[in-house]
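Shown next, in structure tokens, is the structure this report addresses.
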Amino acid sequence: MKNYETVIGLEVHVELATKTKIFCGCTTQFGGPPNTHCCPVCTGMPGTLPVLNRRVVEFAVAAGLATGCEITGNCRFDRKNYFYPDLPKAYQISQLYLPICRNGGIEIETEQGAKRIGIHEIHMEEDAGKLVHDPQEDCTLVDYNRCGVPLIEIVSDPDMRSAGEAVAYLEKLRLILQYLGVSDCRMQEGSLRADINLSVREAGSTQLGTRTEMKNMNSFRAIARAVEGERKRQIEVLESGGRIVQETRRWDDGRNTSFAMRSKEEAQDYRYFPEPDLVPVVISEDWLREIKAREPELRDAKMLRYEKEYGIPAYDAAILTGSKRLADIFEETAALCGNPKEASNWLMVEALRLLREAGQEPEELALEPAKLAALIRLVEAGTVNRTTAKEVFEKIFREQVDPEVYIKENGLAMVQDDGLLRETVLRVIDANPQSAADFLGGKEKALGFLVGQTMKVLRGKGNPERVNALLREALGQRTAES
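Per the working numbering, the sequence shown starts with residue 18, numbered consecutively.
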């Protein structure tokens, strides 16, 4: 069999985090009863006129600047004409001829090292509605709530060569957009979805093969599987003497295969022409500087700062900055408790463990930094030991309890009475003579058992270090007496 190379380009649709839609004042809030977040403008009633949301333009420019794009100072909207039940106007307002951003790119990490993925353009457009099939009535219903929700479409160059590179590109893009605050990028809600354009060609060839498109992929796992599945299918077609047809295909993740839907449309099929109801968008230098000045610290810069400012390892910095929510909680906690390493440890170990158990993403972490900072201070002050603190942290994670109140109400504070600790240690030694003898005979592990027994008697409220020291002291005295 010949050696083949996979060529991948992605069209990423991103719902912007504006409060209202792109051309009207309807809410962009996710969910709600069907057809309650719409008005005559976004449902395309005759005689209505669109009014452009200024915030949409600012978000699109911010995304372009952060991805190294050239900003089109004088851009415009175009009509993309097609008839489909979820598009009530029978056309979509989009951009073809003068997109707002062009010629950018981002750098991803691959097994072979850093690689730049080009961004051909970013354009603004409105979203369509949603079709819902009713199996009981055997009919399809239309929910127009999503009509007019503002989108940017980020079109890459065909620079990716594997599923891994495609996912790395999407992950990097998602983080940039989340850090900018232009979108929450919740794939499960459709805030970020990708169309995969894929072709294969003989290794060493510079000519692109015939591509297919798989639309509206909304999970990294499905995207990776779709790339591998379509790559394999195209190679099998070519090897059997067939030819690839340019078409739109639907990926069935459950069956791990794709199915032909329709022939792939070209620009001429949509009969684009300039949108007559909207004036051109002029982005002045002053406006551009204003948007640029609001750009927050992005992930790459934040990672370097964490290493330098907080003195935490590169690995820790990469984990913490891998989620904007996690990074925000870390920074606020570190500022409140003055111990960034402890804040990092609690988030990286305990918080991520509990999120995994709950099947949640870091962006869903509902943890108040003030409560984590208070818990860290309580451990440092010796009010609770680390084992008890883990129990308290879980309560904070699940129920948002106040750590000081919870510790007091449940009697979890460490025993500070040295006399009581000594008395308990002696009782444990007397109750476990063999372990005491083993330790005195040179078996260091026996001490760990005695520490555990002492902590059990103290109901976990002893200071392990102090218990360890008192056990050594008491056993040493017995050796001296014998």
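Built from N, CA and C at the ideal position, the CB exists for glycine as well.
Check: Of the listed residues Arg71, Val296, Lys19, Gly26, nearest to Lys38 (C-alpha basis); Outcome: Arg71
Check: Bounding residues of the beta strand (DSSP E) (the contiguous stretch that carries Trp268); Outcome: 264-269
Check: Pro116 classed as buried or exposed, judged by whether at least 16 other C-beta atoms fall within 10 angstroms; Outcome: buried
Check: Host beta strand (DSSP E) of Phe518 (start-end); Outcome: Any property of residue 518 remains undetermined from this structure, which presents the chain solely from 18 to 499.
Check: One or two residues paired with Glu28 in a DSSP bridge; Outcome: Val172, Asp212
Check: At least 3 beta-carbon pairs within less than 8 Å: the segment 158-175 vs the segment 48-57; Outcome: yes
Check: Local conformation of Thr104 per DSSP, three classes; Outcome: For clarity, residue 104 is Leu in the given sequence; the question names Thr instead. Correct three-state label for Leu104: coil.
Check: Sequence-distant residues of the same chain with beta carbon closer than 7 Å to Arg248, five excluded per side; Outcome: Thr23, Leu215, Val217
Check: Status (buried if at least 16 other CB within 10 Å, exposed otherwise) for Val422; Outcome: exposed
Check: Euclidean distance between Cα positions of Ile213 and Arg96; Outcome: 23 Å
Check: Proximity winner among Ser361, Arg373, Glu380, relative to Ile393 (alpha-carbon distances); Outcome: Ser361
Check: Under the three-state DSSP convention, the category Ser361 falls into; Outcome: helix
Check: Three-state class that DSSP yields for Met177 in the structure shown; Outcome: strand
Check: Inter-residue spacing [alpha-carbon to alpha-carbon] between Ser208 and Thr274; Outcome: 24 Å
Check: Residue from Pro291, Glu142, Tyr21, Gly339 whose Cα sits closest to the Cα of Gln195; Outcome: Gly339
Check: Rounded separation between Ile336 and Gly469 - CA only; Outcome: 33 Å
Check: Expected contact under 8 Å - CB spacing of Leu197 and Ile171 to nearest Å; Outcome: Wrong, their Cβ atoms sit about 13 Å apart, outside the cutoff.
Check: Rounded separation between Val81 and Arg316 - CA only; Outcome: The sequence shown places Gly at residue 81, rather than the Val named in the question. Approximately 16 Å, taken between the alpha carbons.
Check: Where Cys156 falls, given that 16 or more other Cβ within 10 Å makes a residue buried; Outcome: exposed
Check: Residues that DSSP places opposite Lys147 in a beta bridge; Outcome: Asp160
Check: Burial state of Asn402 (16 or more Cβ within 10 Å); Outcome: buried
Check: Among Gly246, Phe290, His150, Leu353, the one whose alpha carbon lies nearest that of Gly271; Outcome: Gly246
Check: Uninterrupted alpha helix (DSSP H) stretches inside the segment 334-384 (no shorter than 4 residues); Outcome: 341-354, 357-362, 369-375
Check: Beta carbon of Met431 nearer than 8 Å to that of Thr404; Outcome: no
Check: Assigned secondary structure, Leu128 (DSSP; H/G/I helix, E/B strand, else coil); Outcome: A small fix is needed here, since residue 128 is Glu in this sequence, not Leu. Glu128 falls in the coil class under three-state DSSP.
Check: Sub-8 Å separation of Ile110 and Gly122 beta-carbons; Outcome: no
Check: Beta-carbon gap between Asp174 and Gly26 smaller than 8 Å; Outcome: yes
Check: Buried or exposed by the 16-neighbour rule on C-beta atoms within 10 Å, applied to Met234; Outcome: buried
Check: Cβ-Cβ distance between Leu343 and Pro379 below 8 Å; Outcome: yes
Check: Cβ contact (3+ pairs, closer than 8 Å) linking the segment 126-141 and the segment 98-108; Outcome: no
Check: The alpha helix (DSSP H) enclosing Lys425, as first and last residue numbers; Outcome: 420-426
Check: Beta-carbon gap between Asp103 and Lys147 smaller than 8 Å; Outcome: yes
Check: C-alpha distance - Asn120 paired with Met204, whole-angstrom precision; Outcome: 26 Å
Check: Beta-carbon spacing of Arg266, Met278 below 8 Å; Outcome: yes
Check: Proximity below 8 Å, CB of Ala390 to CB of Thr350; Outcome: yes
Check: Selection from Leu429, Ile424, Ile125, Glu154 that minimises the alpha carbon distance to Asp176; Outcome: Ile125
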